[in-house]
Structures are given as structure tokens and as C-alpha cells.
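Asker: In the order they appear, the protein sequences are chains A, B, C and D.
The opening residue of the first sequence carries number 13 in my numbering; numbering runs sequentially from there.
The opening residue of the second sequence carries number 13 in my numbering; numbering runs sequentially from there.
The opening residue of the third sequence carries number 673 in my numbering; numbering runs sequentially from there.
The opening residue of the fourth sequence carries number 673 in my numbering; numbering runs sequentially from there.
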Amino acid sequence: MGQKKTEAKVLYQQEIADGIFDMWMETDLAQTAKAGQFLSVYPRNGGTLLPRPISICEADREAGRVRIVYRVAGKGTAELSGYHVNRKVNVLGNLGNGFPLDAAEGKRVFLTGGGIGIPPMLQLAKDLRQEGKAESVAVIVGYRDHQLFLKEDLEKYARVYVATEDGSAGVKGNVMDAIAENGLEADVVMACGPMPMLRAMKRYAREKGIVAYISLEERMACGVGACLGCVCRTVEKDAHSHVHNARICTEGPVFLASDVDI
Amino acid sequence: MGQKKTEAKVLYQQEIADGIFDMWMETDLAQTAKAGQFLSVYPRNGGTLLPRPISICEADREAGRVRIVYRVAGKGTAELSGYHVNRKVNVLGNLGNGFPLDAAEGKRVFLTGGGIGIPPMLQLAKDLRQEGKAESVAVIVGYRDHQLFLKEDLEKYARVYVATEDGSAGVKGNVMDAIAENGLEADVVMACGPMPMLRAMKRYAREKGIVAYISLEERMACGVGACLGCVCRTVEKDAHSHVHNARICTEGPVFLASDVDI
Amino acid sequence: MNTKVKIAGVEFKNPVMTASGTFGSGMEYSEFVDLNRLGAVVTKGVANVPWEGNPTPRIAETYGGMLNAIGLQNPGIDVFVERDMPFLEKYDTRIIVNVCGKTVEDYLEVVERLGDTKADMLEINVSCPNVKEGAIAFGQKADSLYGITSAVKKKARQPVIMKLSPNVTDIAEMARAAEAAGADALSMINTLTGMKIDVHKRKFVLANRTGGLSGPAVKPVAVRMVYQAAQAVKIPIIGMGGIANAEDALEFLLAGATAVAVGAMNFVNPYTTVEVVDGIEEYMEKYGIEDIRSLIGSVE
Amino acid sequence: MNTKVKIAGVEFKNPVMTASGTFGSGMEYSEFVDLNRLGAVVTKGVANVPWEGNPTPRIAETYGGMLNAIGLQNPGIDVFVERDMPFLEKYDTRIIVNVCGKTVEDYLEVVERLGDTKADMLEINVSCPNVKEGAIAFGQKADSLYGITSAVKKKARQPVIMKLSPNVTDIAEMARAAEAAGADALSMINTLTGMKIDVHKRKFVLANRTGGLSGPAVKPVAVRMVYQAAQAVKIPIIGMGGIANAEDALEFLLAGATAVAVGAMNFVNPYTTVEVVDGIEEYMEKYGIEDIRSLIGSVE
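Structure below.
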């Protein structure tokens, strides 16, 4: 896997929506980064020790630059949001399995993202476009309001359909509403977002008889599969744990929706 | 006393000897700062909570600037030494009693400083020169080696006599040797430095039948007299504690050598 | 919006107090905070006679906390009654006097002397880890805790708070023993016994070798113990242990504490107590909580 | 320069180990550190059958530490012996297997199964605060600790380390009980029971409500307990609790530990173990210490 802890350098940071920050970092982790994988970012102040798992939004593999787009949720991310250009930051990566690009081959693909689950969809859309194996790629993203962060970036690589909770842009409602409203069809779904949305995608895939890959979240400690903190319930016994638990940081974060009990 | 915790701004920082840092900060605490008083400086990283008590080296009362010269002794001071210009620092001040300038009136005064006990002597020399009440002021400072930090600053205000442990400058030995070697005489001693030096000054004053004011150090927590962490043994019962302990942060750090049991 | 809480019939304008030993008798911090804004000032422990306390170093810094081994230095009850009580009486805040002793008789002597003062409550310190005799010895065994509690209750004219030690196997058992003996309230936690060694000098950092650990580092243990004690007894609990801000204080209230005390963090930020008072009000505002009492023990 | 230490006849190339539950069975961290450089790998607790562990959230961050309530999820002894042991046997490091159970019989079954494996030592986990039955129940009362220890000793073919809980009134009493029952060594501390509450959701952060506190926050308590235990017993002690660097490790050695284990800090810095090994050697170099054993318990 070639995981390592390394010191990255902040190249750019900006708040792109209320409490949502967009940061580019210089790190050679970019070279091996896969869409759907995440980085563990380590804050330093106020006694915070554990890393913040943040999904990779975009990776410029040639230039060795990684982009993360994250929401300030607590002390750690608040500290992160205050970092200026050239500030050094400890990151552990690349973690997790990432989305299976091959599964898109010859298929009509939905990339659905909700809120802070939208960022990983960018690198995914980019890679699918580059490989060009998918028959079609539609990005369906759900926002709280009119602050449509990353929408323009996503439009570079695929057709984007928007839903907003307050109806201030796109379809009023969630990604499911946007799919219905726009009469969209797919053979494969790749999703990241809040649990209700993931459950909806899982249900949708079951009804349509298609496969859905969903990226799960859980409080993590080690990020490398040692502590067993971030598990999810699995339908079958997990091959590693030999119980009905899979490690989100290692077997995941991306799972076949039908394999997990959410 | 008008003590307060405030946010100071780093104006300048430089390493002026191995592990000895010279920092100017912008803070209105400068206006009331007295020679011999100290500031509690608060680090932030790595779970450090307690302030670092650092004596005031120089105060530009008009410009609202305070200078501290400190040794990197641990995590906290190491963090401090990494602060760049414009960095904000939390400081609590002005703490302690300071040296009694009136005691110098019409007297021949020794200002003796050893190692990191030298810095407070600068503002003291400055104030005595300004008041001009002392008959004479001689500064005797003891260094480890030829790195004579603050010597030139001190020379602006008084005659300076140097002792070095390795003999690489001035008299080989300690401040007592420098006093003897130079045949110096005084009526009042004001001292800050390591305990052996302070004990020597106390003994010297007793033998000569003169008064000595010494500035003591101890691990502190609150810095304002509440926690009773930083006490020293007193000959008589202390008026505040009603036992043979005085609070270095409050009744001190400057004591009449004859009042304390060191 | 009501922020008043009641403990053993005594009403407090808000649930924010100071932890004994971290606030002197209020005088030093009155430079920084308006004592009138506090629910109560809990004084430094006072004994029947002056105590010298331990030799120095008495303080050691640890990750996210500190060790102290003051050893309950105090000027004795006479000076306290003549000097410190009058100072505190000038303020519109409750006065809780922390009482320490080496023998049961010591405690009782102080308790009696305080009977005819304006002290609102007494906090009995049976959990200081830094003095050889008395103190913690009474606080680590249920039967001795029961004994000292009932002895104090017989003499006390004010409601009695027993301050419990966290250095026990079963905090619920200790809480029940104090309640059974008639304690009007409990306060917890006192400090966890700890040690720091200077590996370069190869010496104990504290002259007393061991000291009491306090600060944010211990908060999870304190919240757990307050919760377990609140499940075990009916008498009110004053929760403390690493409270640095309103959220920390609210954790204790939700866990079952009726009031909270700010301790070591006074040393880090002298304004902590009033910031906690303000922060709790903002929280109640934000979540539309009419009565702070509805928060007590409301965690699910 | 000698960094070797011996525990119950087993020699370790250096005193640096991993704390059970923080290092899996070594596989995950072999990406980051050369296991050959460690004195020993102490495995995640293994039971006679697979355990599902607790529901999530299992992790909460605290100031200077973390709470975990994994609940000893493990694949069971069969998988462990077939998959994890062979992996560890490839390395030139000692293998210490942590054993957990709900009943004495559970423990004994695992201990017997391990008898004919290449495990160098067994660590009996009688102090996990996150499982209802067994575990900590055995570790908080001297007589039950004595019971399980002697039962295990009768069956064990390898030397037995009893891992003690810090959630006790008197660690020395527990240490003496284990020694009296024939324990070959002790390891301490397991985690301190703690709790965290989300004041905005007004809910427990951990599904299990309480969890085990570890990390630098607990180090002063751990060092104190190792010191007290070392004063009370003759058998060697493996010290752990918040070790983040060589200085922390040396504190435990000076306090009386013969070896140390890195726990939660593996999560913060996966290279911690080897950095501690290197740092200890630098320290010995700097102070001209020929034999690491001269440091053990040498604090004054």
C-alpha cells in the first residue's frame, strides 16, 4: 500500500462556503492517491492528538499536489482552517481502498455526493473522464443552500445535477429528488454523503437491481486498521475480522452497499 | 496592581547566544512594568498549559514595548523561540514586586547577574541611571563562556564587570571572583541568578554588613499568589501565609536576602 | 431564563464555582473577575492551625494538566475567620469553606469555629493526596468516609459537602457511604495521584514525589465518576475536573452534576470562571433552555 | 552498550514493546516500522471464540488522550493461531499474546491453545473496562485477581504477565495479589475508565457510554502506579501509559519498569516505537550508561 506519514506544505487555502475550506497541499502522496481514498491530517494545538480523516478531493499527480475540501467541525479542523500558505502539516496517507474505476466500464454511472461528501466525487469524475471507459457519467450533488461549492470544478468532467435543501438552486430536496426530477438512469452508483443519503442510494440500487458503491464514515483513531475503532456492520462475516465488522479505514471506506448493514 | 492577561505581538526575536533568545513584544503592560517584575507567557502546543514565568529585561514604556531574554529549557520555551514577528502571544503581567529603586538612594550599588539572571539587570540599570539617585552603580555579570549577551546594552547605563566560568572573557570564575579581582565595594546589592550565586551574595552582604536584594525562582502555576506553588522559606512568619513561607510570585520575586532561608 | 440552582436549601445564582485550592480565598483573582458573578467561591482548605505545607518544588507540568503537591499550606482558622471571611462577605456570592485536618478532631474543631460565621456551606476535604496523615485516608475507604461524614454532620451548623477522591475502585460505593452518613452533597473529583520524573536528573520532579493531577487531562475520568455517582445517590453533586470552558461545564451538568467548579484552568486563564458563566447562558439561549435545572443529568 | 532486558527468563533485545490493542497483530504497522527492531510485539487481545466487540462510535478524542470502547473485538484463537502467529514468527522479535475472556474457562482455553505455539509470553487481560462480563471484574478485586492468576498459572506453558487495571484504590495491593498467585510479571496501566458527552446532541459520544482513557494525559498516573507497584513486588513490571517518546519511556524505567510499551501514540505517530528505541540508545550514549538495567528503578 505504501502508506506513510509525511510533512506536507500548505500551498493554498480559502473558505469556499460557510465553514467549508478548500486546501491544496504539496506532498508526494499525490502520486499514488486514488479517488475515494483519504488522508489523516494531524492538528497540534489544544491537546488534540488524533488525526482528522479527510477525503481526497483532487490529486495533481504530476505536480505532487493534493486538494482537500473539508468542513470545520471542531477544534482540529478549526486549527487547520487557520493554516497559512507554506505552513507545514503532518499527514498520513494514502488511506483506504478508494472507488473501483473498473466497475464503471461500459456502464452508465451516477456519482452522488451530499454536503461534505461531495469533494471525493471530483477526483472520481476526473479519473472516469480520463479513463473514458464509462458509457456515461452523471454527477448528482446535494447542497444545503445556494453555496454550490465545487460545482464548477465538477462540470469540467461531467454533467452535474444539483439539489438543494432550501430549493435556492437546482431541484428542491435531496439527490434522490434530483435523480427523479431529471429522469436519470444508471447501472452503477458511487456515493458519498450523510447516512440518510447513503441508505437511500442503497435502497435505490436494490430496487433498480444495480450496484452501488458507498463511502462510509466513522470516528477513527489509527486510520490504518490496527485499532478497530472505525468498523461498520457487514452482512457476511468479514474476511479479516471473522466477525460481522469491517474496518472502514482499511476494507473501506468504499463498500458495496449490499455488503454492509447500514 | 493592575495585573491582566493580554495578547501581545512579537516585534522582534533573535538568538543572541546558544539557546538564549531575545524577544521584543508590543503590549501596554510596558507602561507599568518595573525592573525585577516578570511576565507569565503562555505556550500553546503539545498540551502545555501552564505559563512560563520570564523576567522583564527591558521596557520601553512610551512605545509600549517589552523585551524578554530567555533560555530555551523545555517544550514551552522551545515553542516560544519559534515565534515569528507579528505572532500573537498570551501574556499575564506585570507580576511580582520588582527591585526597590529607593533602596539605592545615595548608595554604591552592585547589580549582579548570573546566566539567565542577567536580563532583569538591564532595566534595573536603566532605571537607576534615569533616577540618578544612586551614588554609583556597578554591574557584575557572570557568564558560562565568551557569549556575553546583553553586555553592550548594560554598558549604556553602568560600568560592567565580567566573569566567565571558562575564563574566555573577563575574570575567570563567578561574580564573586570578579568583585574581588576588581576590588569593588558597595552598600547595596541587587542580584538575580542561580541559587549558588544568590547564596554567595547573601553571605557576602552579611559579612560586609550591607543589604542584599535577591530575586528568587521556583516552579509556578498561577503566578498571582493563589496556588501557593512557588513559595520560599522565610526566617520570620510571612505576613500573608502566617507560616514560614512567602509566595515568590507575589511577595517576591525580590526579597531581602536576610528575610529568606535559602 | 433561570440559571439558579439549589443545593441543600442553599440557592446559587448560577452553578459555577471555584475549585478549592485553585482560587485562594478569592482575593487574588478579584483582580481579574467580578466575584459577584460567581455562584460561589470555594476557599482554599483551612485547618485548625496554620500548616506549612510541603517543600518545593510543589508544581509540575504534565501533558494537558499539572501535578501539585502544595500539602494544604494554610494560615489556620483564626486568620481565615478574621481576614478572609470578611473579604468574601463583601461580595454577593455564596461562600463555601473547604475544611481539612489530620485527625477527626482537627476537622471538628474547624467545623465548629465556622458554625457562627457567614459561611454558606462546608466542603470537607477527605481526598487530598498530598498530606501524609488524615485527608485522603478518610476518603479512600467507605467505612472511614462514613465515619468522618457522620462525625462532621453531628457538629456542622451548615450543610456539608463531602469532597471525594477519584483514587478509588468504586466511586458509587463511596458516594453511597457519604450519603448514608448524612452528607448534604458531594463534590468530585479531587486530584488523581500522579508522579513525574526528570529523566536527566533522574530525580522526582516534586519534593513530595507524588502529586495530584488536575486539568483537562482528567476530565473524562471526572465526568465518568460524576455520572456513576449521580446514578448511585440522590444528594446533589458538584462536578469538577479540567473544566476549561462552558462546554466542559455542561458535560458535567448533563452527566448529573447540579453545579460545577473551575480548578486548574484558573491558572491558565484567570477569566475562565466568568467565561463559563457567560457560555452557559449562551448555550441556554441557543437551545432555548428556560431552566438550567432541566439540563442536570439529561444525557441520553 | 547493553539494551537487553530479561523478564521471567525471556530475553528481549530492548525494553520497547507495543501495548495490546494498539498494534493489531503487527501486520498493519509493519508498513511503517521494522518489527525486528522491537523488543516484543504484544498482540491485540484474543479470546477462545470470535468477539464482535461493541457498537460504534468506539472512539472519542479527549484533551491529550483518547477514549476507546472497542470491546475486545477479535477473530478468536483459531484464526489467530493460523494467521497472526505465522506472520509474527517471521520476525526476530518476541511475541507476547494478550488473552481475554468472559469466564475463567474462556481464559484457560486460550492459554492452553497457546501452549504449543511459539508465543514467548502470555499477557492476561483482566482489566479491559469495555466488556460487561469477565475482564475488569477479575482485575479490580485482589481476591479475584489472585484466583484467575493462579488458575492461569496452572495451565500456562509460557510465563504469565498479569495486566492490571488503574481503576483501583490500591495498585500495590493488586500487584502483591498477582505476585502471590504466581504471576511472572505485571503490566500496567490498562486504561482509566472515562466518559465523554456531546453537549450539543446531549448524548454519550461512545455507544458504550464509558470507554478507556489512554494517551499522554494518563502518563503521570501510570508512572505513579508503576513506581508504587515496583516498591511492592519483586516480579518485573512492563510500564505503559501515554508514552510518546524516549523520555517518557525512560520515566517508566526509572520508576521501576523493566520494559515499556507504546500504546495510543502509535495512532498519532506510527513511528513512535522505533523512535523510542533510538532515543533510549541516544540517552544511554549521552549519559554514558553501559547497561540499561542500571536505569531500572534508579529514580531518587
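In this text, a Cβ means the ideal position worked out from N, Cα and C, and glycines have one as well.
The structure presented is a predicted model; accordingly, all values stated were derived computationally and were not measured.
Let me check one thing: in DSSP terms, what residues is GLY126(A) bridge-paired to?
Answerer: Note: GLY126(A) sits in a beta bridge opposite GLY154(A).
Asker: Considering just the uninterrupted stretch of the beta strand (DSSP E) at MET202(B), what are its terminal residues?
Answerer: Residues 200–204.
Asker: Can you check whether the CB of GLY110(A) is closer than 8 Å to the CB of GLN49(A)?
Answerer: Result yes, Cβ atoms of GLN49(A) and GLY110(A) sit closer than 8 Å.
Asker: Beta-carbon separation of THR690(D) and LEU710(D) under 8 Å?
Answerer: In this structure, LEU710(D) lies closer than 8 Å to THR690(D) by Cβ.
Asker: Between LYS46(B) and GLY960(D), what straight-line distance do the alpha-carbon atoms span, to the nearest angstrom?
Answerer: Near 45 Å, if we compare the C-alpha coordinates of GLY960(D) and LYS46(B).
Asker: Is the Cβ-Cβ distance between VAL705(C) and PRO888(C) less than 8 Å?
Answerer: It is not a contact, given that the beta carbons lie outside the stated cut-off.
Asker: List the whole-angstrom C-beta distance separating LEU926(D) from ARG874(C), where the pair is believed to meet the contact cut-off of C-beta under 8 Å.
Answerer: With 8 Å as the limit, LEU926(D) and ARG874(C) qualify as a contact, their Cβ atoms being about 6 Å apart.
Asker: So, does the CB of ARG56(B) fall closer than 8 Å to a CB anywhere in chain C?
Answerer: Cβ-Cβ to chain C under 8 Å: no for ARG56(B).
Asker: Just to make sure I have the definition right: I need the residues of chain A whose C-beta is within less than 9 Å of the C-beta of GLY696(D). Which are they?
Answerer: The answer, in chain order, is CYS234, VAL236, GLY237, ALA238, CYS239, LEU240.
Asker: So what does DSSP say about ALA814(C), is it helix, strand or coil?
Answerer: Helix, per DSSP.
Asker: Since ALA732(D) meets chain A, which of its residues come closer than 8 Å, beta carbon to beta carbon?
Answerer: Per Cβ cutoff of 8 Å: ARG231.
Asker: Over what stretch of residues does the alpha helix (DSSP H) that includes ILE952(D) continue unbroken?
Answerer: 944–958 is the extent of the alpha helix (DSSP H) around ILE952(D).
Asker: Could you tell me which whole alpha helix (DSSP H) segments of length 4 or greater appear in the region 917–942 of chain C?
Answerer: Fully enclosed alpha helix (DSSP H) runs of 4 or longer: 918–927, 937–940.
Asker: Excluding sequence positions up to five away, which residues of its chain have a Cβ less than 6 Å from the Cβ of GLN900(D)?
Answerer: Cβ neighbours of GLN900(D) beyond the five flanking positions: ILE843, ALA844.
Asker: Residues in the region 917–935 of chain D with C-beta within 8 Å of chain C's C-beta atoms, listed in sequence order?
Answerer: The residues in question are GLU919, LEU922, GLU923, LEU926, ALA927.
Asker: Is the CB of PRO942(C) under 8 Å away from at least one CB in chain B?
Answerer: Cβ-Cβ to chain B under 8 Å: yes for PRO942(C).
Asker: To which residues does DSSP link GLN25(A) through a beta bridge?
Answerer: Answer is MET35(A).
Asker: Measure the Cβ-Cβ separation of MET209(B) and LEU123(B) and say whether it is below 8 Å.
Answerer: No; because the gap between Cβ atoms is not below 8 Å, this pair is not in contact.
Asker: So with CB distances below 7 Å, who are the chain B contacts of GLY59(A)?
Answerer: Under the 7 Å cutoff, chain B gives GLY59.
Asker: Residues of chain A with a CB under 8 Å from the CB of GLU700(D): which are they?
Answerer: Those within 8 Å of GLU700(D) in chain A are CYS234, VAL236, GLY237, ALA238, THR262.
Asker: Hey, would you say ALA42(B) sits closer than 8 Å to GLY76(B), going by beta carbons?
Answerer: In this structure, GLY76(B) lies closer than 8 Å to ALA42(B) by Cβ.
Asker: To the nearest angstrom, report how far apart ASN862(D) and LEU836(D) are at their CA atoms.
Answerer: Taking the straight line joining both Cα atoms gives about 6 Å.
Asker: For ARG171(B), which residues of its own chain have a beta-carbon under 6 Å away from its beta-carbon, when the five flanking residues on both sides are left out?
Answerer: Result list for ARG171(B): ALA150, in chain order.
Asker: Which residues does DSSP pair with MET867(D) in a beta bridge?
Answerer: Paired residues: THR882(D).
Asker: Along chain C, which residues have their Cβ under 9 Å away from the Cβ of VAL255(B)?
Answerer: Going along chain C in sequence order, the residues near VAL255(B) (Cβ under 9 Å) are PRO722, TRP723, GLU724, GLY725, GLN745, ASN746, PRO747, GLY748.
Asker: On the DSSP letters alone, give me the boundaries of the beta strand (DSSP E) that THR89(B) sits inside.
Answerer: Careful: THR89(B) lies outside any beta strand (DSSP E), inside the alpha helix (DSSP H) at 87–93.
Asker: From GLU923(C) to TYR818(C), what distance separates their C-alpha atoms?
Answerer: Whole-angstrom Cα-Cα distance: 29 Å.
Asker: Cα-Cα, which of CYS242(B), HIS254(B), GLY129(B), ASP40(B) is closest to TYR312(B)?
Answerer: For chain B, the structure presents residues 13 to 274; residue 312(B) sits outside this window and is missing.
Asker: For GLU230(B), does the three-state DSSP call read helix, strand or coil?
Answerer: Here GLU230(B) sits in coil by DSSP.
Asker: Just how far apart, CA to CA, sit ASP165(B) and GLU70(B)?
Answerer: Roughly 10 Å between the two C-alpha positions.
Asker: So, does the CB of ILE869(D) fall closer than 8 Å to a CB anywhere in chain C?
Answerer: Taking Cβ atoms only, chain C reaches closer than 8 Å to ILE869(D), which makes this a yes.
Asker: One question on the structure: do THR89(A) and ARG64(A) come within less than 8 Å of each other, judged by their Cβ atoms?
Answerer: Yes.
Asker: DSSP on GLU117(A), reduced to helix/strand/coil?
Answerer: Reduced to three states, the DSSP call for GLU117(A) is strand.
Asker: If you count every other CB in all the chains shown that lies within 10 Å of the CB of GLY176(A), and 16 or more means buried, which is it?
Answerer: Contrary to the premise, residue 176(A) reads as Thr rather than Gly in this sequence. Buried: at least 16 other Cβ atoms inside 10 Å.
Asker: Using DSSP with H/G/I as helix, E/B as strand and the rest coil, what is ALA777(D)?
Answerer: The displayed chain sequence assigns Glu, not Ala, to residue 777(D). In this structure, GLU777(D) counts as helix in the three-state DSSP scheme.
Asker: Which term fits PRO265(B), buried or exposed, when burial requires 16 or more other beta carbons within 10 angstroms of its beta carbon?
Answerer: So PRO265(B) ends up on the buried side.
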